[in-house]
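Q: The following block contains the structure, expressed as structure tokens.
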Amino acid sequence: VELMLQGYTLVSSFIPLELGSADVILGVQWLETLGDTNANWKLQILKFRVGEKMVVLRGDPSLCCSSVSFKALWKAVEQQGEGLIVEFGGLQKEG
Numbered sequence: 727v728e729l730m731l732q733g734y735t736l737v738s739s740f741i742p743l744e745l746g747s748a749d750v751i752l753g754v755q756w757l758e759t760l761g762d763t764n765a766n767w768k769l770q771i772l773k774f775r776v777g778e779k780m781v782v783l784r785g786d787p788s789l790c791c792s793s794v795s796f797k798a799l800w801k802a803v804e805q806q807g808e809g810l811i812v813e814f815g816g817l818q819k820e821g
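Just so you know, the numbering used here puts 766 at position 40 of the sequence shown, and the rest follows in order with no gaps.
The following block contains the structure:
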């Protein structure tokens with residue numbers, strides 16, 4: 727499959743999955759083909775070279791998780807037919 731990402735063409739095999747709002751997820755198998763990269767995870771920027779060309783991919787901040795009220799989550803479920811609740815409780819070792 728040929729995939730165009732922000733002006734960069736990637737040819738690879740893909741596994742079809744239901745990903746919600748994401749079109750594709752590129753994993754470690756793809757990253758290892760890039761060799762040396764420069765990433766700023768906070769700004770969601772990945773830079774790498776393809777031949778003489780520097781490729782810069784920028785993430786979509788709207789895909790990041792955020793806290794929402796139960797009311798907002800329920801509204802999303804009603805409109806989109808699905809939602810996800812994730813709760814994390816911190817643990818500490820005593821002593």
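For each residue, glycine too, the CB sits at the ideal point set by N, CA and C. Keep in mind that this is a model prediction, so the values were computed, not measured.
#1: Our contact map puts L736 next to L743 with C-beta atoms below 8 Å; I'd like the distance itself, whole angstroms only.
#2: Pick helix, strand or coil for K779, following the three-state DSSP scheme.
#3: Relative to the alpha-carbon of Q732, which residue among S739, D762 and L772 has its alpha-carbon at the smallest distance?
#4: Please report how far the alpha carbon of Y824 lies from the alpha carbon of K779, in whole angstroms.
#5: Where does K801 fall in DSSP's three states?
#6: Compare the Cα-Cα distances from V750 to each of L789, S795 and A765 and report the closest residue.
#7: Just checking my contact of G785 with Q770 at CB under 8 Å: how many whole Å lie between their CB atoms?
#8: Could you compute how far the alpha carbon of W756 sits from the alpha carbon of F740?
A: By the coordinates alone:
#1: Position 10 of the sequence shown holds residue 736. Position 17 of the sequence shown holds residue 743. Rounded, the Cβ-Cβ distance is 17 Å, inconsistent with contact.
#2: By one-based count along the sequence shown, residue 779 stands at place 53. Strand.
#3: Counted from its first residue, the sequence shown places residue 732 at position 6. Nearest C-alpha to Q732: L772.
#4: Residue 824 cannot be examined here, being either before or after the span of the chain that is shown, 727 to 821.
#5: Within the sequence shown, residue 801 is the residue found at index 75, counting from 1. When DSSP states are grouped into helix, strand and coil, K801 belongs to the helix group.
#6: The residue labelled residue 750 in the question sits at position 24 within the sequence shown. Comparing Cα-Cα distances from V750 to each of L789, S795 and A765, the minimum goes to L789.
#7: Along the sequence shown, read from residue 1 onward, the residue named residue 785 stands at position 59. Along the sequence shown, read from residue 1 onward, the residue named residue 770 stands at position 44. Right, the Cβ-Cβ distance comes to about 3 Å (below 8 Å), so this counts as a contact.
#8: Translated into the one-based positions of the sequence shown, residue 756 becomes position 30. Translated into the one-based positions of the sequence shown, residue 740 becomes position 14. Looking at the two C-alpha atoms, the distance is approximately 11 Å.
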